[in-house]
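Participant: Sending over a structure as structure tokens; questions will come in a sec.
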Amino acid sequence: MVERVLITGGAGFIGSALGEHLKASGKEVWVLDDLSFGTRALAPVPDERFLRIDIRNRAAVQRTIAMAAPQQVLHLAAIHFIPYCNAHPVEAADININGTINVLDACATAGSVNQVFVASTAAVYPIAEGAVNEEHPTGPLDIYGITKLAAERIASEFCLRTGIPTIIGRFFNAFGPNETNPHLIPEIQRQVRAGRRVLSLGNLEPKRDFIHTSDMARAMGALLDGGFSGCEVFNIGRGIEYSVLEVVQAFERVLGEPLSIEVDEARVRKVERMHLLADVGKLKRRTGWEPRWSIDEGVASLLTEPLLEWKGAHA
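Under our numbering, the first residue of the sequence shown carries the number -5, and numbering increases by one thereafter.
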């Protein structure tokens, strides 16, 4: 019997990569997405398996998940661009917290769901100098991290209440095709593709753990197939950190020409952590997963792929 999986946020950046991976692995993929930031063309499903629903609509979410009757639900729908979350805290909380409650309650009552994955973030961690593992104390610095830590607590309670195995994946900095938010790498991509060789950027010193969405999708697939019980938390990163300057240098290597940087004060975050690095030892030990994409390989692909039009507040 083919396993049926439903991905909330499956028309977005990471969700679409996940859908393609699960589809290629033989699963029947359904997507639930309101297209506020996602794009219908990215969801790798026919129209009858695409469900245009806002996760804040509790009745619609319950009705839709019951109708789809998936065995596995992967909840990725969220607002995750940190400056937007900080500027719109009520909306961020409504979607990231109340939306998660709605999705998980629907999973509890659907009668078909036997496994859940909830996407969280490395933003739940406090400032740290070295790599952080899953046992590291939490301490988010911004509204986004606060809402996702709340979603983690809700997922843990859901698991205890229902007995449905629940995996929480703490995403580090994703990059790859079809980005729907103006994060660092897609911003450099767009400026370079527009012919600019003097880049307008914000903070230059922070280091981040960049992981390609293809590797993230493979990690989530491996976790689904891991046979875990109870509630488990896993970091999903590459285990290597790069500064903004090192990312620019990757673009220079691929382009074969130098790039200059000018700091745009409007892009400088007032609260910034200097390091964010994943210890992915648990993920590797428990699943056998290993990352495949280097940052240079990912950048090379970004310089040839079609650019996605950003929607909504990021357009």
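Quick reminder that beta carbons are idealized off the backbone N, C-alpha and C, glycines included. Fair warning: this is a prediction, and the values are worked out from it, not measured in the lab.
Does G224 come out as helix, strand or coil in the three-state DSSP assignment?
Facilitator: coil
Participant: Smallest Cα separation from N197: which of R247, R279, M210, E259?
Facilitator: It is E259.
Participant: Of all the beta strand (DSSP E) runs that stay within the bounds of the region 9 to 42, which reach a length of 3 or more residues?
Facilitator: 22 to 26
Participant: Between H177 and chain D, is the shortest Cβ-Cβ distance under 8 Å, so that the two count as touching?
Facilitator: Looking for chain D here will not work: only one protein chain is present.
Participant: Can you tell me whether K264 is buried or exposed? The criterion is at least 16 other CB atoms within 10 Å of its CB, across all chains shown.
Facilitator: exposed
Participant: Give the secondary structure of G163 by DSSP, where H, G and I count as helix, E and B as strand, and everything else as coil.
Facilitator: strand
Participant: Quick check: the Cα distance between V310 and K21, rounded to an integer number of angstroms?
Facilitator: With the chain running from -5 to 309 in the structure shown, residue 310 is simply not present.
Participant: Specify whether the region 245 to 258 and the region 82 to 92 touch according to this definition: at least 3 beta carbon pairs, one from each stretch, less than 8 Å apart.
Facilitator: no
Participant: Hey, quick one: how far does the beta strand (DSSP E) through V192 stretch, first residue to last?
Facilitator: 192 to 195
Participant: Apart from the five residues on each side of it in sequence, which residues of its chain come closer than 6 Å, Cβ to Cβ, to A60?
Facilitator: Correct list, in chain order: A104.
Participant: How long is the line joining the alpha carbons of I234 and D203, rounded to whole angstroms?
Facilitator: 5 Å
Participant: Which residues bound the alpha helix (DSSP H) around I255?
Facilitator: Where I255 is concerned, there is no enclosing alpha helix (DSSP H), although the beta strand (DSSP E) it sits in stretches over 254 to 257.
Participant: S150 by DSSP, collapsed to three states: which one?
Facilitator: helix
Participant: Quick check on the burial criterion: 16 or more other C-beta atoms within 10 angstroms. Buried or exposed for T115?
Facilitator: buried
Participant: Is it the case that the Cβ atoms of A81 and G3 are separated by a distance below 8 Å?
Facilitator: No; because the gap between Cβ atoms is not below 8 Å, this pair is not in contact.
Participant: From E188 to P300, what does the alpha carbon distance come to, in whole angstroms?
Facilitator: As written in the sequence, residue 188 is Ala, which differs from the Glu given in the question. About 12 Å.
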